[in-house]
Amino acid sequence: MRAHRRVHRAAARTGAALLAAGLLAGCGLLRSEPEATEPADGRPGDTSAAPTPTDLKDSPKTPKLPSALTEQRLDWQRCPAPQGGEAPGSAWRCANVDVPLDYTEPSGETLSIALVRKQARDKGRRLGSLLFNFGGPGGSGVGTLPRSADAYAKLNSRYDLVSFDPRGVAASSGVRCRTDKEQEQAHRSVDLTPDTAAEEKAFIEDAADFGAGCERRSGAILPHVGTVNAARDLDLIREVLGDEKLSYFGFSYGTELGGTYAHIFPHKVGRTVLDAVVDPTADGIGHARNQTTGFQRALENYLKDRDQDPKTGSERIARLLARIDRSPLPTDSGRELSESLAITGIVTPLYSESGWPALTAALDEAENNGTGNGLLRLADSYNGRDEQGRYDTQNHSQRAISCADSASRPTVDEARALLPEFRKLSPVFGPFLAWDTAGWCAQWPVEGEHETPETSAPGAGPILVVGTTGDPATPYEGARRMADELGKGVGVLLTNKGEGHGAYGGNDCVTSTIDDYFLDGKVPEDGTTCS
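Residue numbers for the sequence shown, in mature numbering (1 follows the signal peptide of the UniProt record, and there is no 0): -25 to -1, 1 to 506.
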């Protein structure tokens, strides 16, 4: 489990989705100051872009796709209800686009990628399609965008709002690794912060069993679900939709996908915003270290808001977790609240200030009543468990995608060696995230592609990179690093002084700046701050 997996749900107040509830040298450009220009037809295809060298080409690894794929026509139909949800309204249409399973064999076997679209209201001033990825990885764009579209109503005036289930997610050959019963048993029996040799053994065996289940049930797609392939899918979607350049809005993991796309297809980058930014310079351990810092920072901000001393409050919560580890708390459902579920329940409301009252109530119940109903509800929300005990599969897809990406495979000994450092960073989250480095991709059946993603994008137009100073899951420092990695004149940093995972929709200054960029091509000055 990674603490950022519910990114697109927990960022509801920013408009990223509904609240339900791991993760390169920049090259100089021809000019240092981004300058917005508007083509005669108002489309964003040639807007806000640096002058492009005449010999600029996409990555030499870009495959040449057959016309059967690039010229396919989409059959837009009324959308069915997504799993566990309701069908969107009559303004929404769904379709499928075929993409290569393996881009090294573009004429071979294909996958079907699910799309959802709501057309622009002002047809005469339409700018094209605006594609969204809400994070995870493993979040369903087809399920999320219709539920959160009100937040993008202004953008919908001139853009078709479009999202998709990336390969290996939900309706796009979604990876499945375990049954609901197996998921429940793992949450009940596996300690995610093992204290004994027996608990360590069970922890690693469970992690390996999860990967083996993915291979049994989804082995054909498992080697092909990485972010580079998803970025190539994005470009094929752009072409099939008829857009000269990609207009893109990515949140959390969606920022890594957007940065990867910009690196592979720099001259196809249109107006692009990356909000709640994953640090592209961090490997697996680096992401865990960043998140330990970020969630502790958010917890301390929460405690200060409650007029509590951050150090004393953190130590009190750590002692509560230790007691729960020794003796799990009862709940009205008959299920017990374990230490692992309690940590998850604390993580969940830290994604947004709007969740802080729920955290206060849940901690008060656990500390004063000795019951875990509130923390268990929060943990279930994060883990995608409904009241009938059914789990969604985002955790399956997230793990498959991140382990296909990351070559990092820390051992148990390496994770154990991180514990003193991580405990110092956070007595509450440090042990959990240190052990996660070893358990996440343990004995994974597919090798990871890289230690860190490549996001340098020489020749691309300005990309707006939005970082929030109190972001727990993707700490603010990652936004500056992404802007630097994209390159001079490409990465444009916009700072949101505030709390929460994602800024759009939660800060009027940020929202209006992004709207002006998408709709009018107005690029803010690099380093602009909203508070």
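C-beta: ideal position from N, C-alpha, C; glycine also.
Proximity winner among the options, relative to residue i (alpha-carbon distances)
i	options	result
S383	A95, A126, W419 and R163	W419
residue 529	S431, P499 and I179	No information on residue 529 is available, as it lies outside the stretch -25 to 506 that the chain covers here.
G114	G423, Q373 and S327	Q373
residue 517	Y223, C505 and V165	For residue 517 there is no data in the structure shown, the boundaries of the chain being -25 and 506.
C152	G364, F185, K497 and L334	F185
Q363	R191, E159, T235 and P41	E159
T443	V72, D254 and S104	D254
R294	L105, C416, E314 and T323	E314
G116	E340, K156 and A70	A70
K399	D77, P57 and K286	K286
R310	G347, D170, A62 and R96	G347
P428	C378, D339, K156 and P55	C378
For residue i, three-class secondary structure by DSSP
i	result
H425	strand
Q266	helix
I212	helix
R310	coil
K32	Confidence at K32 is low in this model, with a pLDDT of 44, below 50, so the placement of that residue is unreliable and no value is reported for it.
P26	Its pLDDT being 34, under 50, P26 is placed unreliably in this model, and the value from its coordinates should be taken loosely. DSSP places P26 in coil when its eight states are reduced to three.
A195	coil
Q283	coil
W67	strand
C505	strand
R6	Here the model assigns R6 a pLDDT of 21, short of 50, so the residue's position is not dependable, and the following value carries that caveat. Of the three classes helix, strand and coil, the one that applies to R6 here is coil, per DSSP.
L40	coil
E159	helix
P303	coil
E13	In this prediction, E13 has a pLDDT of 35, which is less than 50 and means its spatial position is unreliable; what the coordinates show is noted afterwards. E13 falls in the coil class under three-state DSSP.
S165	Residue 165 is actually Val in this sequence, not Ser. V165: coil per DSSP, three-state reduction.
R294	helix
G245	strand
G(-4)	With a pLDDT of only 33 at G(-4), under 50, the local geometry of the prediction cannot be trusted, and no value is derived from it.
R391	helix
R48	coil
Contact check, residue i vs residue j, beta carbons under 9 Å
i	j	result
F397	G229	no
E474	G445	yes
R53	S65	yes
A409	T268	no
R301	G436	no
residue 507	G111	Nothing about residue 507 can be read from this structure; the chain reaches only from -25 to 506.
T202	L232	yes
H476	P433	no
G345	P305	yes
E426	D208	no
R100	G60	no
A145	G118	yes
F139	V91	yes
N276	T319	no
G423	S327	no
T235	A263	no
T335	R281	yes
D166	A177	yes
S87	S42	no
Residue-chain proximity (residue i, chain C), Cβ-Cβ < 9 Å
i	result
V498	Of the chains in the structure shown, none is chain C; there is only one protein chain.
Contact between the segment 384 to 404 and the segment 346 to 361 (3+ Cβ pairs under 8 Å): These segments do not touch.
Within the segment 312 to 386, ranges of the alpha helix (DSSP H) (whole runs, at least 4 residues): As far as the segment 312 to 386 is concerned, its whole alpha helix (DSSP H) runs of at least 4 residues are 314 to 322, 331 to 339, 348 to 358 and 369 to 380.
Residue ranges of each alpha helix (DSSP H) within the segment 424 to 500, 4 or longer: For the alpha helix (DSSP H) assignment, the uninterrupted runs of no fewer than 4 residues enclosed by the segment 424 to 500 are, from N- to C-terminal side, 452 to 461 and 483 to 495.
Runs of alpha helix (DSSP H) lying entirely within the segment 89 to 156, each at least 4 residues, in chain order: Counting whole runs of 4 or more residues, the segment 89 to 156 contains the alpha helix (DSSP H) stretches 116 to 123 and 128 to 131.
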